[in-house]
Amino acid sequence: MIVNQQIERWLTAQTAFFGSARRPFVTLSYAQSWDGSITTRAGETLGLSGNESRRLTHQLRSLHDGILVGIGTVLTDDPQLTVRECPGKNPQPIVLDSWLRMPPTARLCQRTDKECWLLTRLKPDGDFDGNAEFITLDGDDDGRVDLSAALQRLWEKGIRTLMVEGGSQVITAFLKAQLADVLVLTIAPTLVGGYKGVGNLELDCKSQLPQIRPLHSQMLGQDLIMWGNLHYREPALA
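Per the working numbering, the very first residue in the sequence shown carries number 4; after that it's consecutive.
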């Protein structure tokens, strides 16, 4: 069985057994270099995935109700977040944009098939000349959109499965909040020396680190694909 079919069957089984948490099942999926970088030190996105891995990413998109990235990814890459490399439906595009920096000219706001949902703490000043829906939420202690509240709102709007593609701040935030359920990681055979996909999780000891188990891995073209369930430990009591 090819790796695409393995991951699709595994992911379908995981979502089927997901509990009634009144939030979407969250798949964290991104590509990194062999040394863990997702961008250069200049912030340049490299497009690390090979052709086969890119098709897998599009296949994963088609299996989810929604796809989420942070505003930094939008401003840097201007993605479409559509399914183009394989048959399947386009997921609902969602952007985590706490301070409402989304430009109406972004390709996500120019799509005609789906409105882009913006998870934000602010309301737009005046007209927004783009195809977007503003979902206003409370902030957390750092002033950013509260992820738990955001996921609950997405659940209420019919999103049962959510794919989170990045960037680094968003990946780190989901791991810190213990809100990512599974991980599908593409590792390209390249050394970059850039900025890492996972930032400071602010954990005090090794026992608190998120664990991936059981861990599966297989080559796909030139890339190594690793996937598994994320398990979290409760923070140590003070």
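For glycine and all other residues, C-beta sits at the position ideal for the given N, C-alpha and C.
Check, Outcome
"Those residues which DSSP pairs with GLN221 across a bridge", "ILE228"
"Limits of the alpha helix (DSSP H) - the one that PHE177 falls within", "171–179"
"Nearest residue (CA-CA) to SER32, options GLY169, PRO213 and GLY133", "GLY169"
"For HIS234: DSSP bridge partner residues", "GLN214"
"Own chain residues within Cβ distance below 8 Å of ARG216, not counting five before or after", "GLY231, ASN232 and HIS234"
"8 Å Cβ cutoff met for LEU111 and PRO127", "no"
"Simplified DSSP state of ILE190, which is helix, strand or coil", "strand"
"Buried or exposed by the 16-neighbour rule on C-beta atoms within 10 Å, applied to LEU218", "exposed"
"GLY197 and THR42 closer than 8 Å at C-beta", "yes"
"Local conformation of GLU136 per DSSP, three classes", "strand"
"Residues near GLY22 in its chain [Cβ-Cβ closer than 6 Å; skip 5 each side]", "none"
"Alpha-carbon spacing of ASP68 relative to GLN83, whole angstroms", "15 Å"
"Closest Cα partner of SER40 within the set GLN211, ILE228, ALA191 and ASP207", "ALA191"
"Reduced DSSP secondary structure (H/G/I, E/B, other) of ILE5", "coil"
"Reduced DSSP secondary structure (H/G/I, E/B, other) of ALA241", "For ALA241, the pLDDT reaches just 40, beneath the cut-off of 50, and the residue's location in the model is therefore unreliable, although a value from the coordinates is still provided. Three-state result, ALA241: coil."
"Identified DSSP bridge partners for PHE20", "BP columns for PHE20 are empty, so no partner."
"When CYS119, LEU188, ASP207 and THR193 are compared against ASP100, the one with the closest alpha-carbon", "CYS119"
"Inside the stretch 64–113 only - alpha helix (DSSP H) runs reaching at least 4 residues", "74–80"
"Segment limits, alpha helix (DSSP H) that includes LEU157", "150–159"
"Reduced DSSP secondary structure (H/G/I, E/B, other) of SER56", "helix"
"Local Cβ density within 10 Å of ILE74, reported as buried at 16 or more and exposed below that", "buried"
"Nearest neighbour of TRP158, chosen from VAL29, GLN62, GLN17 and ASN134 [CA to CA]", "VAL29"
"Start-to-end residues for the beta strand (DSSP E) that takes in ALA34", "28–36"
"Rounded straight-line distance, which links the Cα of VAL77 to that of ASN93", "17 Å"
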